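Student: Would you mind keeping the following structure in view while I ask a few things?
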Ligand code: SF4
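The structure is reproduced here in C-alpha cells:
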C-alpha cells in the first residue's frame with residue numbers, strides 16, 4: 107500500500123526590495139490586503155504569501171510598481187519541500 111502524495115499548493119512569495127522602493131505608495135493603494143506603508147511611505151508586507159486571487163493581485167502590484175521593487179517567487183509548497191519555479195522582479199515597463 108502506497109503512501110498518499112502530500113498536498114502541494116502553489117503560492118506566490120512576495121518581497122519588497124528596500125533599496126529600490128522609493129515610497130510612491132502605489133502598491134498599498136492598489137493592494138492594501140498585501141501592502142502597507144511605514145511612516146515614511148515605504149512599503150512593507152502584511153503577508154508575504156499570496157494564493158489564488160491574491161496571487162494575481164500581487165503580480166499586478168509588481169507590474170505597477172514604478173521602480174520594480176516588488177519581487178515575486180512562484181513556489182510549489184508541500185509539507186516536506188518548497189520549490190521555487192519562477193522568480194521575477196517588477197513588470198515590463
Ligand atoms: S509601489 Fe513600489 S516604490 Fe512604491 S511603495 Fe510600493 S514597492 Fe515601494
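In our numbering, the protein residues as written are 107 to 199.
Just so you know, even glycine gets a beta-carbon here, dropped at the ideal spot from N, CA and C.
Please read all numbers here as calculations on a predicted model, not as lab measurements.
At what residues does the beta strand (DSSP E) containing residue 140 begin and finish?
Tutor: Residue 140 -> no beta strand (DSSP E), and no H or E assigned at all.
Student: Closer than 9 Å, CB to CB, is residue 118 near chain D or not?
Tutor: The chain labelled as chain D is not found in the depicted structure, where only one protein chain is given.
Student: Compute the beta-carbon to beta-carbon distance between residue 183 and residue 192, rounded to the nearest angstrom, for a pair I have assumed lies under 8 Å.
Tutor: In fact, because the Cβ distance is near 14 Å, the residues do not count as touching under 8 Å.
Student: Would you list the one or two residues that DSSP bridges to residue 182?
Tutor: Partner(s): 116, 189.
Student: Using alpha carbons as the reference points, say which of 156, 132, 174 lies closest to residue 195.
Tutor: Among 156, 132, 174, the Cα nearest to that of residue 195 is on 174.
Student: On a Cα-Cα basis, can you pick out the residue from 178, 171, 189, 190 that is closest to residue 129?
Tutor: That would be 171, whose Cα lies nearest to the Cα of residue 129.
Student: Relative to the ligand SF4, is the shortest distance from any of its heavy atoms to the C-beta of residue 164 smaller than 8 Å?
Tutor: Outside the cutoff, so no.
Student: When you compare the CB positions of residue 140 and residue 113, do they come within less than 9 Å of one another, or not?
Tutor: It is not a contact, given that the beta carbons lie outside the stated cut-off.
Student: Which residue comes first and which comes last in the alpha helix (DSSP H) that contains residue 164?
Tutor: It spans 158–170 - the alpha helix (DSSP H) in which residue 164 sits, taken as one unbroken run.
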